[in-house]
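Heads up: the structure comes next, in structure tokens.
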Amino acid sequence: MVLRAKEMKDTNHRSSILESKTFILIFEKASTRTKVSFEVGIRHLGGHYVFMTPKESQLGRSEPLKDTARVLSRYADGLIVRTFGQAKLEELSKYSSIPIINALTDEYHPCQVMSDLLTIYERTPDFKDLVIAWVGDGNNMANSWINAAAYFPFQLKMAFPRGYTPGEDLLERALQMGARISVTSDPVEAVRGAHYINTDVWASMGREQEQNTREEVFKGFTLNEKLLTMADKKVKVLHCLPAHRGQEITDQVIEGEWSIVWDQAENRLHMQKAILEWIVAPE
Ligand code: CP
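First residue of the sequence shown? That's 1163 in our numbering, and the numbers climb one at a time after it.
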């Protein structure tokens, strides 16, 4: 799918593969990149979409998810869902008869990591000798990187503050599948020799009330020029955005020679198109 997304990018791909198909976007959390890249991607492929939030739908008035899933399945060809707990997505999936794309849950952000893999692939097509670092929270992005490491042969070096690590089960499963992942609480150790470094906000959506505590806990986890000197000389930095400059990343780094975040954001569009195409026409 990474290769298909790259091909779509290189050819400014348009098609009618989603002609007469409608996707419903159910977003319970804010979004800029994911919402717009899916909406634009659907249009590039000739399809239609409906955007829903709890505020103007019966979801916000406690209509059960299982009822929503069954009804929407009779109108549309796929759901694209951004919600809180993964269990909510799985409840929708259980009662839906159409495909569901995870557009972010508290636990996972797979579409983001898939487009991040495209961003890396464009610069380093061979993942075998690649060292990718994660510096930050053990959040949905970290979890999805762990999952990716189970399928791609790069080495993943992760640094989290103590108590902010991802679930042991997830890590254990990836390791059993052959992932090469190391975990530390020292960001310097994680970035040493890294070709790419990832980070994300310290307090993800839904955890804003922990912001002050987390700013204390995550001191030393800022991607700044000094930390980058410990990485590979040509290191590049990824951030899924939105970024909090001065917290997880400095303005100098995100605006500097290391940053590939704008390509990374653009690639959301190309990867969403590859995902949508695969949903309706799996190889
Ligand atoms: N990275 C990401 O998912 O961005 P949005 O929250 O703007 O969709």
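The beta-carbon is built from N, C-alpha and C at its ideal position, and this holds for glycine as well. Computed from a prediction, not measured in an experiment: that's the story for all the values here.
Separation of residue j from residue i, as counted between CA atoms
i, j, result
"Ser1219", "Ser1259", "20 Å"
"Leu1438", "Thr1196", "13 Å"
"Met1303", "Tyr1237", "31 Å"
"Pro1323", "Arg1244", "27 Å"
"Glu1417", "Ser1178", "37 Å"
"Ile1282", "Ser1366", "24 Å"
"Asp1239", "Phe1189", "17 Å"
"Gln1426", "Ser1344", "24 Å"
"Thr1460", "Lys1319", "Since the first and last residues shown for the chain are 1163 and 1445, residue 1460 lies out of range."
"Glu1169", "His1175", "8 Å"
"Trp1420", "Thr1346", "23 Å"
"Ala1443", "Ser1182", "14 Å"
"Val1353", "Lys1395", "11 Å"
Alpha helix (DSSP H) segment containing residue i, residue limits
i, result
"Met1163", "No alpha helix (DSSP H) holds Met1163; DSSP gives it neither H nor E."
"Leu1332", "1330-1338"
"Lys1256", "1248-1257"
"His1206", "1195-1206"
"His1432", "1423-1442"
"Gly1414", "Before going further, note that residue 1414 is Gln rather than Gly in the sequence given. Its alpha helix (DSSP H) spans residues 1413-1417."
"Gln1373", "1373-1379"
Proximal residues to residue i (C-beta, below 8 Å), its chain only, five neighbours per side dropped
i, result
"Lys1256", "Lys1228, Ala1231"
"Arg1430", "Arg1195, Thr1196, Ser1199, Cys1273, Gln1274, Ser1277"
"Glu1253", "Leu1227, Lys1228, Ala1231"
"Glu1387", "Thr1412, Gln1414, Val1415, Gly1418"
"Leu1332", "Asn1305, Ile1308, Asn1309"
Own chain residues within Cβ distance below 6 Å of residue i, not counting five before or after
i, result
"Gln1434", "Ser1199, Phe1200, Gly1203"
"Ile1105", "As shown, the chain starts at 1163 and ends at 1445. That puts residue 1105 outside it, with no answer to give."
"Leu1279", "Val1164"
"Thr1215", "Phe1189"
Segment limits, beta strand (DSSP E) that includes residue i
i, result
"His1401", "1398-1401"
"Tyr1358", "1358-1361"
"Thr1184", "1184-1189"
"Ile1260", "Careful: Ile1260 lies outside any beta strand (DSSP E) and carries neither H nor E."
"Ala1295", "1293-1297"
"Arg1244", "1240-1244"
"Ser1344", "1342-1346"
Residue i CB to nearest heavy atom of ligand 1 below 8 Å
i, result
"Lys1435", "no"
"Arg1407", "no"
"Arg1195", "yes"
"Leu1266", "yes"
"Glu1271", "Reading off the sequence, residue 1271 comes out as His, not Glu. Checking the Cβ of His1271 against ligand 1 gives yes."
"Ala1365", "no"
"Gln1373", "no"
"Gln1248", "no"
"Ala1192", "yes"
"Leu1403", "yes"
"Arg1430", "yes"
"Gln1220", "no"
"Gln1274", "yes"
Own chain, CB closer than 7 Å to residue i, minus 5 neighbours either side, in chain order
i, result
"Pro1349", "Val1297, Ala1321, Gly1382, Phe1383, Leu1389"
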